[in-house]
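Trainee: Numbering-wise (my numbering), the sequence shown opens with residue 1260 and increments by one. Ideal Cβ placement from N, Cα and C applies to all residues, glycine included. Keep in mind that this is a model prediction, so the values were computed, not measured.
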Amino acid sequence: GLYQDKAGLNINLIVSASVGSVVALITGLFFSKLLLAVAILASFIVVAFWIVRLASSVNMSSSQVSVGGRKFGLTNLDIDFGIWPAEHVFEASALRSFQHGLAFTRGQGRIRIYGGVVGRDCTDGWVVAKDAQTQQLIVVSPAKREDFIAQLRTLVGLRFDGTDRQIPMVAPELRRLGPLSGYVDSPWSIAATVVLIVLFVARVGVALLNFLV
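1. So does the segment 1355 to 1375 actually touch the segment 1322 to 1334, counting three or more Cβ pairs closer than 8 Å?
2. Do you know offhand how far residue 1315's Cα is from residue 1264's?
3. I need the boundaries of the alpha helix (DSSP H) containing residue 1295, first residue and last residue.
4. Nearest-angstrom Cα distance between residue 1461 and residue 1405?
5. Thinking C-beta only, is residue 1387 closer than 9 Å to residue 1342?
6. For residue 1273, which of helix, strand or coil comes out of DSSP?
7. My output table needs one value for residue 1208: the three-state DSSP class, helix, strand or coil.
8. Taking one C-beta from the segment 1415 to 1423 and one from the segment 1356 to 1365 each time, how about it: are there three or more such pairs within less than 8 Å?
9. From residue 1391 to residue 1262, what distance separates their C-alpha atoms?
10. Which ranges does the beta strand (DSSP E) cover as unbroken runs of at least 3 residues, wholly within the segment 1356 to 1418, from first to last along the chain?
11. Is residue 1434 helix, strand or coil by DSSP?
12. I want to see whether chain B comes within less than 9 Å of residue 1364, judged by CB atoms only; does it?
13. For my contact list, residue 1345 and residue 1354 are in at a C-beta cut-off of 8 Å; report their separation, rounded to the angstrom.
14. Quick one: is residue 1312 buried, meaning 16 or more other Cβ sit within 10 Å of its Cβ, or exposed?
15. Less than 9 Å separating the beta-carbons of residue 1319 and residue 1407?
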């Protein structure tokens, strides 16, 4: 692809952990209930790493952009609207409502959030474009935003620095969109979420171990 970024652990580490978990599961089935319980717990963690990586990957080819497997075509983009850092179009309250790693719509379906790489503050890294057919605003969060914008602008026939377009205005109710349930996608909030998930999985593992023993 012309642009690519991935989130989470290196793919080789995740694959190795996946293979190790499968081997441990098979071994535990025949030789050790304790090993089986540990392997099940490890499998939950490996799956979580896979989900983060797959949901947060951003890839651009000469014809489309894919975010976590969800795609939009470059020929559908509104050239007159342009490609912009999202803070040029939206106010901070709206930026706080854009969640990484998800795909959903906001503002009565007029903003399509494609997410992107997790682990940055919610107001950083967002890019906005527009679908010429549906008139939906498309919001993406690549890890290397300036590279992403320059590459995307070039592909759709715009100047890479955006000097050939004026910053567009959107409806006030979209520009000032309120945050969703106080969600803040910062590294701290993500870390807290991961800790809670690990604690929950550990509790399940202990219960399973007690059941097996």
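Mentor: Reading off the structure:
1. yes
2. 9 Å
3. 1292 to 1315
4. 40 Å
5. yes
6. helix
7. The requested residue 1208 is not part of the displayed model; the chain covers only 1260 to 1472.
8. no
9. 23 Å
10. 1363 to 1365, 1370 to 1375, 1386 to 1389 and 1396 to 1400
11. helix
12. This model lacks chain B altogether, as it is built from one protein chain only.
13. 6 Å
14. buried
15. yes
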